[in-house]
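Working notes, structure below.
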Amino acid sequence: MDQLSQHIVNALMLGGTYALLGIGLTLIFGIMRVVNFTHGELYSFGGYMIFLFTSVLGLNFYAALIVALVLGILLGAVIELVLLRRLRGADIDTTMLVMIGCWMVLQNTEQMIWGGVAKAVVSPLPEEPLVLGSVSVAWLRVFVFVVAALLILATYALIHWTKLGKAMRATFQDRDTASLMGVNINAINTATFALGSGLASAAGALLGPVYLVTPTMGNLAALKAFAIVILGGLGNIQGATVGGFILAFAEEMGAGYISSGYRDAMGFLMIIVVLLFKPTGLFARAERIG
Amino acid sequence: MLEIEKLVCRYGKVEALKSVSLVVRKGELVTLIGANGAGKTTTLRAISGLLPPAGGRTLFQGEDITRASPKHILSRGIAHCPEGRHVFPHMTVQENLEMGCYLRSDATGIAADMERVFESFPRLAERRRQIAGTLSGGEQQMLAIGRALMSRPKLVLFDEPSLGLAPNIVERTFQIIKGIRDQGTTVLMVEQNAYAALDMCDRAYLLESGTLTLEGTGRELIKNPHIQEAYLGG
């Protein structure tokens, strides 16, 4: 029982960042119809930014988090403006190949700048864990969960209650008609890609101090984000949120009760099962944003 | 108000419009009739900027809007109510109407116009918070019309407003469109239902295979032997 509650708490803490990664990717796919292979690189970008601004430049950890989020948004906007805008109307395969190329360029640039040795990020949170009865959890993990949850809620609020969010949903539901309403589709694409990228970068920055920062840390993160998006249904934000937690639970329970060696395999096992039995995702009524 | 000169539109290599010229004057209700695939929808898409034309010119109130963006064209006062209604299916009725005034920022004017739409279409008022995709076809058409009016347009383009609607709703839809003209908004309507369209319009054009072949008042065209034979069932 104690072991179970510990696993549940661990899964919850992990699920927050997974959901964050999944939401960014599902937004980009839903609105832009782009399979974003750079998502993992934005995640590692966030990791390197938190390392750069805290360990190298000595900035306050919390401020560095905000900087990583903002720089992620900017990098996403640049990728959209320089690459994706030119590819509007291009074949989905062409766009995919370009995004794979962009992924490789970003990853190798990171390796060139930072080298292949993993970097450690030090967090200012207390070392001793928070103990609740038989369950103990690191303060850093609690902090990561709370920030991830706040970012998810902020994204929901943006999508549902702002004019930009309404235009994003309209674009997703009917691109031509949104354009007839005066929505600038190019601007919506840039905003969407920037937002999704910012969330990925924030996830990387949050997890930087939990794990180590390496040039290839984004690969597994991206694969997991794709697993979450497929679980939740493409373009479905609620689905991605729930999918993030489901993946975290599957990994945690798989690692705890089957074998810790199978932790990362659980997600892919789940994708296979979902694709076999419910290929539109677990929550798909119809594809939708919001 | 709207002048189209020698407009040419292509989809890939297929020429959908071959030099179309037409005029819509202020306060008129003009219809464009023709068979499926004649280029009616293409004409409207070219006017509202969704399909940049390959040649020719579009002038609206003297301004050249041939290659302007849909946003710019809407901001000049042309609203486009698309074929098949195209309400945003996962948004509420109210959100759909809010999308109609996306470019406006005068909160009091918007609120007043929304009330006016709800007065004209009480069914929409009852269903304010309902998801638009769950409305009936007729209700969706009312919503699409209301949404187009929310931009306070000077000219509204209607594309096949009667398509797929029950006969009594078709009748009501045409009444509403006439009402819009009567209140001073200019209308350009594309319609397959040739008799109803010719009966209600001030002037009409016949579009055949991407070319305008006839022009005149509704009454003239109703009596035209070619139209009678090909479009009014003899």
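Residue numbers (my numbering), protein chains in the order written: chain A, 151 to 440; chain B, 180 to 413. The beta-carbon is built from N, C-alpha and C at its ideal position, and this holds for glycine as well. If you're wondering where the values come from, they're calculated on a predicted model, not measured in any experiment.
query: Neighbour-count burial assignment, SER329 of chain A, 16 or more Cβ in a 10 Å radius; result: buried
query: Within chain A, the residues that SER200 of chain B reaches when beta carbons sit closer than 9 Å; result: Ordered by position in chain A, no residue passes the 9 Å Cβ test against SER200 of chain B, which lies about 24 Å from the chain.
query: Residue from A:SER351, A:ALA390, A:THR327 with nearest C-alpha to ARG224 of chain B; result: A:THR327
query: Chain B contacts made by the stretch 319 to 332 of chain A, where a contact means CB separation under 7 Å; result: ARG319, ALA320, GLN323, ASP324, ASP326, THR327, SER329, LEU330, MET331, GLY332
query: Residue nearest to LYS205 of chain B in terms of C-alpha spacing, selected from B:GLY343, B:ASP381, B:VAL187; result: B:ASP381
query: Coarse secondary structure for ARG183 of chain A, derived from DSSP in three states; result: coil
query: Bridge-paired residues (DSSP) for GLU242 of chain B; result: B:PHE239
query: Residues near ARG360 of chain B in its chain [Cβ-Cβ closer than 6 Å; skip 5 each side]; result: LEU208, VAL366
query: Per-residue DSSP class, three states only, for SER286 of chain A; result: strand
query: CB contact check: TYR190 of chain B to chain A, cutoff 9 Å; result: no
query: Neighbourhood of ALA290 of chain B by C-beta distance below 8 Å, restricted to the same chain and skipping five residues each side; result: none
query: Under 7 Å (Cβ pairs) to chain B, residues found in the stretch 333 to 365 of chain A; result: VAL333, ASN334
query: Proximal residues, the stretch 278 to 298 of chain B versus chain A, C-beta separation under 8 Å; result: MET278, GLY279, TYR281, LEU282
query: Residues bridged to GLU350 of chain B (per DSSP); result: None, per the DSSP bridge assignment.
query: Supposed contact pair GLU184 of chain B and GLY389 of chain B - C-beta distance, whole angstroms, cut 8 Å; result: Actually they do not touch by this definition, with Cβ atoms about 15 Å apart.
query: Residue-level contact to chain A via CB, PRO232 of chain B, 9 Å cutoff; result: no
query: Segment contact, 8 Å Cβ cut-off, at least three pairs: the stretch 392 to 410 of chain A with the stretch 163 to 175 of chain A; result: yes
query: Continuous alpha helix (DSSP H) assignments of at least 4 residues falling wholly in the stretch 221 to 294 of chain B; result: 249 to 255, 272 to 279
query: Distance between MET367 of chain A and GLU402 of chain A (C-alpha atoms, nearest Å); result: 19 Å
query: Cutoff 9 Å: ALA240 of chain A Cβ touching any chain B Cβ; result: no
query: Contact list for the stretch 262 to 274 of chain B against chain A, Cβ threshold 7 Å; result: HIS265, PHE267, PRO268, HIS269, MET270, GLU274
query: Residues that ALA317 of chain A contacts on chain B, provided the C-beta gap is smaller than 9 Å; result: MET278, TYR281
query: Which of helix, strand or coil DSSP assigns to ARG382 of chain B; result: strand
query: Whether THR245 of chain A touches LEU234 of chain A by CB criterion (9 Å); result: yes
query: Under 9 Å between C-beta atoms of PRO365 of chain A and ILE200 of chain A; result: no
query: Buried or exposed (CB count within 10 angstroms, at least 16 for buried), ASP285 of chain B; result: exposed
query: Interface flag, PRO415 of chain B vs chain A, CB-CB below 9 Å; result: In the structure displayed, chain B extends from 180 to 413; residue 415 of chain B sits before or after that span and is not available.
query: GLU437 of chain A, DSSP secondary structure in three states; result: Note that GLU437 of chain A has pLDDT 47, beneath the 50 cutoff, so the model's placement of it is unreliable and no number is given.
query: Per-residue contacts from LEU229 of chain B into chain A (C-beta, under 8 Å); result: ASP326, SER329, LEU330
query: Contact with chain A by PRO301 of chain B, beta-carbon distance below 9 Å; result: no
query: Neighbour list for LYS250 of chain B in chain A, Cβ cutoff strictly below 8 Å; result: SER329, GLY332, VAL333, ASN334
query: SER409 of chain A to MET416 of chain A span [Cα, whole Å]; result: 10 Å
query: Length of the line joining the Cα atoms of THR313 of chain B and SER341 of chain B; result: 19 Å
query: Contact with chain A by LEU253 of chain B, beta-carbon distance below 9 Å; result: yes
query: For ASP442 of chain A, three-class secondary structure by DSSP; result: Missing from the structure shown is residue 442 of chain A; chain A here goes from 151 to 440 and no further.
query: Contact with chain B by LYS313 of chain A, beta-carbon distance below 9 Å; result: yes
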